[in-house]
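Line order of the protein sequences matches chains Z and R.
For the record, in the first sequence the residue sitting at position 98 is 98 according to the working numbering, with numbers rising by one throughout.
For the record, in the second sequence the residue sitting at position 54 is 165 according to the working numbering, with numbers rising by one throughout.
See below for the structure under consideration.
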Amino acid sequence: GNSVTQMEGPVTLSEEAFLTINCTYTATGYPSLFWYVQYPGEGLQLLLKATKADDKGSNKGFEATYRKETTSFHLEKGSVQVSDSAVYFCALRSGDDKIIFGKGTRLHILP
Amino acid sequence: SAVISQKPSRDICQRGTSLTIQCQVDSQVTMMFWYRQQPGQSLTLIATANQGSEATYESGFVIDKFPISRPNLTFSTLTVSNMSPEDSSIYLCSVKSMFDTEAFFGQGTRLTVV
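Quick look at the structure:
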């Protein structure tokens with residue numbers, strides 16, 4: 001079946017550090033891939049998405065590239081800020097429109 | 112993007128009782144889903160709410176415990192029945208229209224069962 005695996009957290013970085021959160025997936029067909037973010041005390045928001053191989057999603061300085069050959073969708077940001085502290089979920093949309101989530105990675109950014 | 116209103120935002124309930132959560136969307140949507148997020152965990156799909164017919168439940172979830180209604184294209188309810196402390200979670204409504212790639216989420220209902 002379809003599944004998403006992402007790196008365990010928590011991840012703690014200093015402000016302005018480079019961020020990578022790894023995500024790999026297993027799916028039949030060609031799923032759409034997403035990163036969602038959940039800030040403390042808030043709901044789930046879409047951060048970025050990619051719908052086909054080699055697409056790059058980007059938003060708020062975050063990027064992720066849909067790599068079909070490695071079934072990966074790693075999240076990156078060149079210089080993180082304290083305000084980026086949140087939980088990040090990698091997800092895929094299966095053929096029946098269901099969203100399947102990874103376990104989430106909690107990110108702490110220290111000033 | 113759709114604007115989703117979920118009520119209540121939080122509640123504390125006695126074990127053995129039931130709580131009904133409402134999800135209202137500001138536009139007609141094709142798909143509505145209900146998820147559960149247990150403390151410190153990821154989101155798990157409970158069921159797909161089908162308009163005018165019985166919901167489609169995921170493995171491990173049953174209608175007697177989580178009855179769902181969807182009378183029209185903009186509204187759905189999830190009831191958590193005969194609650195126990197293990198039901199303490201955040202319950203989220205999610206919607207997707209025909210024209211969107213992604214799903215949108217409500218703010219969630221934080222349920223504590225005591």
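Note that the Cβ used here is the ideal one computed from N, Cα and C, for glycine as well.
Note that the coordinates shown come from a computational prediction; the quantities given were computed from them, not determined experimentally.
Distance between threonine 212(R) and valine 59(Z) (C-alpha atoms, nearest Å):
Walking along the first sequence from the start, residue 59(Z) turns up at place 59. Walking along the second sequence from the start, residue 212(R) turns up at place 101. First, the amino acid is wrong: residue 59(Z) is asparagine here, not valine. If I take the Cα positions, the gap works out to 16 Å.
Give the C-beta separation of lysine 49(Z) and tyrosine 30(Z) to the nearest angstrom, bearing in mind that I take them to be a contact with Cβ-Cβ under 8 Å.
The residue labelled residue 49(Z) in the question sits at position 49 within the first sequence. The residue labelled residue 30(Z) in the question sits at position 30 within the first sequence. Not confirmed; about 14 Å, so no contact.
Using the C-alpha atoms, what's the distance from valine 191(R) back to glycine 127(R)?
Stepping through the second sequence from its first residue, residue 127(R) is reached at position 16. Stepping through the second sequence from its first residue, residue 191(R) is reached at position 80. Taking the straight line joining both Cα atoms gives about 10 Å.
Between phenylalanine 34(Z) and the rest of its own chain, which residues show a CB-CB distance below 6 Å, the 5 nearest in sequence each way excluded?
Within the first sequence, residue 34(Z) is the residue found at index 34, counting from 1. Answer for phenylalanine 34(Z): Lys49 and Ala91, listed in chain order.
Hey, how far is the Cα of tyrosine 146(R) from the Cα of threonine 12(Z)?
For the purposes of this step, residue 146(R) is identified with residue 35 of the second sequence, where counting begins at 1. For the purposes of this step, residue 12(Z) is identified with residue 12 of the first sequence, where counting begins at 1. Their backbone Cα atoms lie some 28 Å apart in a straight line.
What did DSSP end up calling aspartate 198(R) once you bin it into helix, strand or coil?
The residue given as residue 198(R) occupies position 87 in the second sequence. Aspartate 198(R): helix per DSSP, three-state reduction.
So does threonine 26(Z) have its beta carbon nearer than 8 Å to some heavy atom of the ligand FMN?
This structure lacks the ligand FMN; in fact it carries no ligand of any kind.
What residue range does the beta strand (DSSP E) around alanine 50(Z) cover?
As a position in the first sequence, residue 50(Z) is number 50, starting the count at 1. Start and end: 44-50.
Classify arginine 93(Z): buried if its beta carbon has 16 or more other beta carbons within 10 angstroms, exposed otherwise.
Here residue 93(Z) corresponds to residue number 93 of the first sequence, with the count starting at 1. Arginine 93(Z) should be labelled buried.
Return no unless some Cβ of chain R is closer than 9 Å to the Cβ of lysine 103(Z).
What you label residue 103(Z) is simply residue 103 of the first sequence in a count that begins at 1. With 9 Å as the cut-off, lysine 103(Z) counts as an interface residue toward chain R.
How should arginine 121(R) be labelled, buried or exposed, when 16 other C-beta atoms within 10 angstroms of its C-beta is the threshold for buried?
Against the second sequence, residue 121(R) aligns to sequence position 10. Exposed: under 16 other Cβ atoms inside 10 Å.
Against glycine 32(Z), what residues of chain R qualify as contacts under a CB-to-CB distance less than 7 Å, listed in chain order?
Mapped onto the first sequence, residue 32(Z) falls at position 32. The identity of residue 32(Z) in the sequence shown is serine, whereas the question assumes glycine. Thr212, listed in chain order.
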